[in-house]
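Asker: Position in the sequence shown (from 1) plus 3 gives the number in the numbering used here. All C-beta atoms, glycine included, are put in the ideal place defined by N, C-alpha and C.
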Amino acid sequence: MESKYSTSSKTPTLIAVILCGGNSSRMGQPKALLTYHQIPQYQHLLHLANQLHLPAFVSCRKDQISWFKTENNFFLDQPKFANAGPMTGLLSAFQNIQENTSILLLACDYPLIQLPHLSLLVQTYQKENKTCFFVNEQTQMPEPLLAIYHAQDLPKILENFHQNKTSLRHFLESSNSAQITGINPSIFKSFDTPEDFASFG
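1. Among the candidates Tyr39, Lys34, Lys133, Pro33, whose CA atom is the shortest distance from the CA of Leu115?
2. Tell me where the beta strand (DSSP E) around Met144 begins and ends.
3. Once the 5 residues before and after Phe71 are set aside, which same chain residues still bring their CB inside 6 Å of it?
4. Within the continuous beta strand (DSSP E) that includes Phe194, where are the two ends?
5. Sort Ile18, Asp156, His56, Leu148 by Cα distance to Phe191 and report the nearest one.
6. Kindly give me the distance between the Cβ atoms of Ser105 and Pro15, rounded to whole angstroms, as I take these residues to be in contact under 8 Å.
7. Select from Asn53, Gln126, Phe77, Glu146 the residue whose C-alpha is nearest the C-alpha of Arg64.
8. Could you give the C-beta distance for Phe136 and Ser180, rounded to a whole number, given that I count them as a contact under 8 Å?
9. If you run the structure through DSSP and keep just helix, strand and coil, what is Gln182?
10. Helix, strand or coil: how does DSSP classify Leu17 here?
11. Could you check whether Thr134 and His153 sit closer than 8 Å to each other, using their CB atoms as the reference points?
12. For the alpha helix (DSSP H) holding Ile160, just list the boundary residues, first then last.
13. Is it right to say Gly25 is buried, meaning 16 or more other beta carbons lie within 10 angstroms of its own, or is it exposed?
14. Count the CB pairs spanning the region 193-204 and the region 153-167 that are closer than 8 Å, and state whether there are at least three.
15. Figure out for me which residue from Thr142, Arg172, His173, Gln101 has the closest Cα to the Cα of Leu17.
16. Compute the distance between the beta-carbons of Ala110 and Leu22, then report whether it is under 8 Å.
17. Cβ atoms of Ala150 and Leu108: under 8 Å apart, would you say?
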């Protein structure tokens with residue numbers, strides 16, 4: 004596993020946001036509630052964030068709150084950012100946090116991600132002081148739903164949204180971000196269907 008490090012000034016505060024607001028239409032049931040590691044996936048990701056000593060929040064729609072009744076930390080999708088896919092959750096979270104706070108964005112689609120991968124992502128952010136992401140060696144593309152979005156990039160992400168450019172992958176490809184390479188691409192498999200879920204383990 005490789006990342007490009009550089010000396011930088013103090014980085015903004017970092018929090019983790021677990022994306023749970025999708026429709027999971029292909030899976031047929033909420034991906035956030037699927038159990039891969041003895042507990043629902045969203046709880047597993049919250050646990051990983053806690054191990055990294057990061058404040059962690061669930062991002063979801065208002066009609067999904069009952070799924071997470073044991074959790075207290077929520078960011079609800081804001082109507083003004085609707086219909087933008089994962090960017091809806093990211094921008095809604097940025098609207099509800101203190102200025103100069105960056106976001107570790109985690110989707111529930113990737114149950115093969117482990118603590119060392121997220122630790123490397125956080126370490127890279129702390130050293131580079133910029134947005135950072137994994138490069139999928141198989142596709143040669145960024146993985147936008149396992150990435151850290153620096154607070155300084157919020158204006159550009161907002162600008163993209165207002166220009167109907169809602170792809171976070173395209174944002175990462177055009178940004179001055181830190182890229183992490185050398186990761187086994189199998190961990191980036193997105194589990195999207197009942198067949199994927201049944202194949203786990």
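Answerer: The structure says:
1. As a first step, residue 115 must be located in the sequence shown, where it is residue number 112. Considering only alpha carbons, the answer is Tyr39.
2. The residue given as residue 144 occupies position 141 in the sequence shown. 144-152 is the span of the beta strand (DSSP E), which, as asked, contains Met144.
3. In the sequence shown, the residue the question calls residue 71 occupies position 68. So the list reads Val61, once near-sequence residues are dropped.
4. The residue you call residue 194 lines up with position 191 of the sequence shown. Boundaries for Phe194: no beta strand (DSSP E) harbours it, and the DSSP string shows neither H nor E there.
5. On the sequence shown, position 188 is the one that residue 191 refers to. Ranking Ile18, Asp156, His56, Leu148 by Cα distance to Phe191 puts Leu148 first.
6. Numbered from 1 along the sequence shown, position 102 holds the residue referred to as residue 105. Numbered from 1 along the sequence shown, position 12 holds the residue referred to as residue 15. Rounded, the Cβ-Cβ distance is 5 Å, consistent with contact.
7. Working through the sequence shown from its first residue, we reach residue 64 at position 61. Minimum Cα distance to Arg64 is reached at Phe77.
8. Position 133 of the sequence shown, counted from the first residue, corresponds to residue 136. Position 177 of the sequence shown, counted from the first residue, corresponds to residue 180. Right, the Cβ-Cβ distance comes to about 6 Å (below 8 Å), so this counts as a contact.
9. As a position in the sequence shown, residue 182 is number 179, starting the count at 1. Strand at Gln182.
10. Looking up residue 17 in the sequence shown gives position 14. Strand, per DSSP.
11. Taking the first residue of the sequence shown as 1, we reach residue 153 at position 150. Taking the first residue of the sequence shown as 1, we reach residue 134 at position 131. A contact, by the Cβ cut-off of 8 Å.
12. In the sequence shown, counting from the first residue as 1, residue 160 sits at position 157. Unbroken alpha helix (DSSP H) run through Ile160: 157-165.
13. Working through the sequence shown from its first residue, we reach residue 25 at position 22. With 16 or more other Cβ atoms within 10 Å, it is buried.
14. no
15. One-based indexing of the sequence shown puts residue 17 at position 14. Looking only at Thr142, Arg172, His173, Gln101, the smallest Cα-Cα distance to Leu17 is reached by Gln101.
16. For the purposes of this step, residue 110 is taken as the residue at position 107 of the sequence shown. For the purposes of this step, residue 22 is taken as the residue at position 19 of the sequence shown. Against a cut-off of 8 Å, the Cβ pair of Leu22 and Ala110 comes out as a contact.
17. As a working mapping, residue 108 is identified with position 105 in the sequence shown. As a working mapping, residue 150 is identified with position 147 in the sequence shown. The answer is yes: Cβ separation under 8 Å.
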